[in-house]
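**Student:** Submitted below is the structure of interest, expressed as structure tokens.
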Amino acid sequence: MAQPQHREPSYREQDAKTITRLRGMVDPWFLARYGMNLYRGCEHGCVYCDGRAERYYVPGDFARDITVKGNAVAVLDHELSRLKEPGFLFLGGGVCDAYQPAEERYRLARGVLELARKYQLPVHVLTKASLVERDLDLLAEINAQTRAILSFSIQTLDDDLQRRFEPGAAPITERLRLLATAKKLGMGVGVMAMPVLPGLSDQPDRIDRLVGTMAELGADFVCGGGLTLRPGTQKDTYLDVLREHYSALVPGYQRAYRSNLASGAPDPRYLARVDARFAAALRRHGLPGRAPRRLFRSLMPLYAEVAVLLEHREFELHQAGSPGGALGRAGHAIQQWARQSFTKRGRRKAFNGTVLEAEFRAMVTAGTLHELPGVTTAAAAVASLLVKEAAAEGAPD
Ligand code: SF4
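FYI, in this note's numbering the residues of the sequence shown are 335 to 731.
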């Protein structure tokens, strides 16, 4: 059955032992080096939310039983005081929206932004909530100090569709207004146009209009993507709503998602069509499908910046129809090398991101980067060019 939206939310405070996901890798989509979930469960109650899947172990009614990590800011303060390398703090995604209604009472996201200011770290906030307006002052300060990127998750411009599939989130007009405000304040602004919903918001003209609207508002990038439906609660919840309101579409979904893959991925031919629609719309409106380098230049160690850029180049090749693969694998390999180095040597006092960055530069200068497993000679040459570009560009704007 679809999750009922009428019950008042219940908040349960729970202390967390750790807050940041210190995996030692930077997410090329969100630029996240230090991601976190301040809550578990999300009152926005998006029908398609991946966080509903059993693999995330969110107890109770996902949209109403909200676990609050009451000590999150104190724990994060401790973690950030011991950081070994800089990088973006990322608020968003996973199993909650950090600016859901609970945040009005608990103010954890604001506490995180205050810590970002204290430790001079860049932040990327991804939300569907207008409550983020409360913190624009702080985001603007962080942006002046390091960098703040504010992204909104917007998969449709259709209000009816939004209300039905994102019942607790801010109306689209609110998100667009705040996006324009953040832009005026000088922040980086992005849009996660995902997941577009098959037969509802994934048509070429709708994707084109969505991307065109974001371009007009001054978005710096738009990431698009198709819907995944993991077998179990997520898929069942979605199909219940579909049956109730769009029953004619159900057979098509059953065909596209019949493999019931654990990842929830549909038929790859469908995903390729969605990718092609986004590629065409982004080309037409002159927008990149990933955050441009100027938004993160010099805000993470060079090896991470190069790894992210290699993955972005791979994405551009994919958009242009090239089979590619080598640049993405090289980016991943460099991140794996960094992660393993942190695993092996991270506890040593003298070891930190600066040491690793020097080792990375030495490999590039000596022309030995291709000796890392997964890095081809051609990919190493692209990495070397990216390092040279970084040296030529200097410090961030
Ligand atoms: S806002 Fe994000 S985390 Fe919250 S329900 Fe929607 S998709 Fe899930």
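We treat Cβ as the ideally placed atom computed from N, Cα and C, and that holds for glycine.
(1) Any heavy atom of ligand 1 closer than 6 Å to the CB of H378?
(2) Would R346 be called buried (16 or more neighbouring beta carbons within 10 Å of its own) or exposed?
(3) What separation, rounded to the nearest whole angstrom, lies between the Cα atoms of V716 and L629?
(4) Would the beta-carbon of C383 be found less than 6 Å away from any heavy atom of ligand 1?
(5) What residues are listed by DSSP as bridge partners for F422?
(6) Hey, F649 and R624: beta-carbon distance below 7 Å or not?
(7) Does D399 come out as helix, strand or coil in the three-state DSSP assignment?
(8) Distance check for M521 and D731, CA to CA, integer angstroms please.
(9) Taking just the CA atoms, how far does K462 sit from D469?
(10) Check V530 in the structure and name its three-state DSSP category.
(11) Regarding K462 and ligand 1, is the C-beta to nearest heavy atom distance less than 6 Å?
(12) Can you tell me which of the three DSSP states H458 falls into?
(13) Per DSSP, which one or two residues make a beta bridge with F486?
(14) Just to confirm, are Y637 and A692 a CB contact at a threshold of 7 Å?
(15) What whole-angstrom Cβ distance do V360 and V642 have, given they're in contact under 8 Å?
(16) If you drop the 5 nearest sequence neighbours on each side, which residues of the same chain put their C-beta closer than 8 Å to that of E342?
(17) Do Q669 and A387 have their C-beta atoms within less than 7 Å of each other?
(18) Does the segment 612-627 come close enough to the segment 545-558 to have 3 or more Cβ pairs within less than 8 Å?
(19) Would you call the CB atoms of P532 and G559 closer than 7 Å?
(20) Just the Cα atoms here: how many angstroms apart are R406 and P435?
(21) Would you check if the segment 703-713 and the segment 677-691 touch, i.e. whether three or more CB-CB distances between them fall below 8 Å?
(22) Buried or exposed: where does A596 fall if 16 or more other Cβ atoms within 10 Å of its Cβ makes it buried?
(23) Less than 7 Å separating the beta-carbons of L551 and L513?
(24) Could you give the residue range of the beta strand (DSSP E) that holds F555?
(25) Can you tell me the Cα-Cα spacing of A724 and P362, whole angstroms?
(26) Is any heavy atom of ligand 1 found at a distance shorter than 6 Å from the C-beta of D431?
(27) Are V457 and G385 touching if we call contact CB-CB under 7 Å?
(28) Look at A590 and P602 and say whether their C-beta atoms are less than 7 Å apart.
(29) Extract the residue ranges of the beta strand (DSSP E) inside the segment 551-637, only unbroken runs of 3 or more that lie entirely within it.
(30) With Q434 as the anchor, note down where its beta strand (DSSP E) starts and where it stops.
(31) In the DSSP assignment, the beta strand (DSSP E) including Q348 goes from what residue to what residue?
(32) Would you check whether ligand 2 has a heavy atom nearer than 6 Å to the C-beta of A606?
(33) Quick one: Cα of M634 to Cα of L417, how far?
(34) Can you give the beta carbon distance from F472 to R444, rounded, assuming they're within the 8 Å contact cut?
**Tutor:** Quick look at the numbers:
(1) Taking the sequence shown and counting its residues from 1, one reaches residue 378 at position 44. Because some heavy atom of ligand 1 lies under 6 Å away, the Cβ of H378 counts as near it: yes.
(2) For this step, residue 346 is matched to residue 12 along the sequence shown. So R346 ends up on the exposed side.
(3) The residue you call residue 716 lines up with position 382 of the sequence shown. The residue you call residue 629 lines up with position 295 of the sequence shown. If I take the Cα positions, the gap works out to 20 Å.
(4) Translated into positions along the sequence shown, residue 383 becomes position 49. Under cutoff, so the answer is yes.
(5) On the sequence shown, position 88 is the one that residue 422 refers to. The partner list for F422 (beta bridge, DSSP) reads A366.
(6) Residue mapping note: residue 649 aligns to position 315 of the sequence shown, counting from 1. Residue mapping note: residue 624 aligns to position 290 of the sequence shown, counting from 1. Yes, Cβ-Cβ distance for F649 and R624 is below 7 Å.
(7) Within the sequence shown, the letter at position 65 stands for residue 399. In the structure shown, D399 sits in a strand (DSSP, three-state: E or B).
(8) Start at 1 with the first residue of the sequence shown, and residue 731 comes out as number 397. Start at 1 with the first residue of the sequence shown, and residue 521 comes out as number 187. Confidence in D731 is poor, its pLDDT being 45 and thus under 50, which makes the residue's placement too unreliable to answer from.
(9) Against the sequence shown, residue 469 aligns to sequence position 135. Against the sequence shown, residue 462 aligns to sequence position 128. The straight-line gap from Cα to Cα measures roughly 14 Å.
(10) The residue given as residue 530 occupies position 196 in the sequence shown. It is a strand residue.
(11) As a working mapping, residue 462 is identified with position 128 in the sequence shown. Yes - ligand 1 has a heavy atom lying nearer than 6 Å to the Cβ of K462.
(12) Start at 1 with the first residue of the sequence shown, and residue 458 comes out as number 124. Of the three classes helix, strand and coil, the one that applies to H458 here is strand, per DSSP.
(13) Here residue 486 refers to the residue found at position 152 of the sequence shown. Answer by DSSP bridge pairing, in chain order: T461, V525.
(14) One-based indexing of the sequence shown puts residue 637 at position 303. One-based indexing of the sequence shown puts residue 692 at position 358. Cβ atoms of Y637 and A692: not closer than 7 Å.
(15) Sequence index remark: in the sequence shown, residue 360 carries index 26 (1-based). Sequence index remark: in the sequence shown, residue 642 carries index 308 (1-based). V360 to V642, Cβ: 6 Å. Contact.
(16) Looking up residue 342 in the sequence shown gives position 8. Cβ neighbours of E342 beyond the five flanking positions: R398.
(17) Position 335 of the sequence shown, counted from the start, is the residue given in the question as residue 669. Position 53 of the sequence shown, counted from the start, is the residue given in the question as residue 387. Their beta carbons are not under 7 Å apart, which means Q669 does not touch A387 by this criterion.
(18) yes
(19) As a position in the sequence shown, residue 532 is number 198, starting the count at 1. As a position in the sequence shown, residue 559 is number 225, starting the count at 1. Against a cut-off of 7 Å, the Cβ pair of G559 and P532 comes out as no contact.
(20) Start at 1 with the first residue of the sequence shown, and residue 406 comes out as number 72. Start at 1 with the first residue of the sequence shown, and residue 435 comes out as number 101. Note on identity: in this sequence residue 406 is Ala, with Arg being the wrong assignment. One C-alpha to the other measures close to 17 Å.
(21) no
(22) The residue you call residue 596 lines up with position 262 of the sequence shown. It is exposed - the Cβ of A596 has fewer than 16 other Cβ atoms within 10 Å.
(23) For the purposes of this step, residue 551 is taken as the residue at position 217 of the sequence shown. For the purposes of this step, residue 513 is taken as the residue at position 179 of the sequence shown. Contact flag set, yes.
(24) Looking up residue 555 in the sequence shown gives position 221. Per DSSP, F555 belongs to the beta strand (DSSP E) from 555-560.
(25) Translated into the one-based positions of the sequence shown, residue 724 becomes position 390. Translated into the one-based positions of the sequence shown, residue 362 becomes position 28. Their Cα atoms are separated by approximately 17 Å.
(26) Counting from 1 along the sequence shown, the entry for residue 431 is found at position 97. For ligand 1, at least one heavy atom lies less than 6 Å from the Cβ of D431.
(27) Along the sequence shown, one-based indexing puts residue 457 at 123. Along the sequence shown, one-based indexing puts residue 385 at 51. Against a cut-off of 7 Å, the Cβ pair of G385 and V457 comes out as no contact.
(28) To locate residue 590, count along the sequence shown from 1; it is residue 256. To locate residue 602, count along the sequence shown from 1; it is residue 268. Not in contact: A590 and P602 (Cβ atoms no closer than 7 Å).
(29) 555-560
(30) Along the sequence shown, one-based indexing puts residue 434 at 100. Element bounds for Q434: n/a, residue is neither H nor E.
(31) Position 14 of the sequence shown, counted from the start, is the residue given in the question as residue 348. Note, Q348: beta strand (DSSP E), 344-348.
(32) By its list of ligands, the structure shown excludes ligand 2, since it contains just ligand 1.
(33) Locating residue 634 in the sequence shown gives position 300, counting from the first residue. Locating residue 417 in the sequence shown gives position 83, counting from the first residue. If you take the alpha carbons of M634 and L417, they lie about 12 Å apart.
(34) Indexing the sequence shown from 1 puts residue 472 at position 138. Indexing the sequence shown from 1 puts residue 444 at position 110. A quick correction: the sequence has Leu, not Phe, at residue 472. Right, the Cβ-Cβ distance comes to about 7 Å (below 8 Å), so this counts as a contact.
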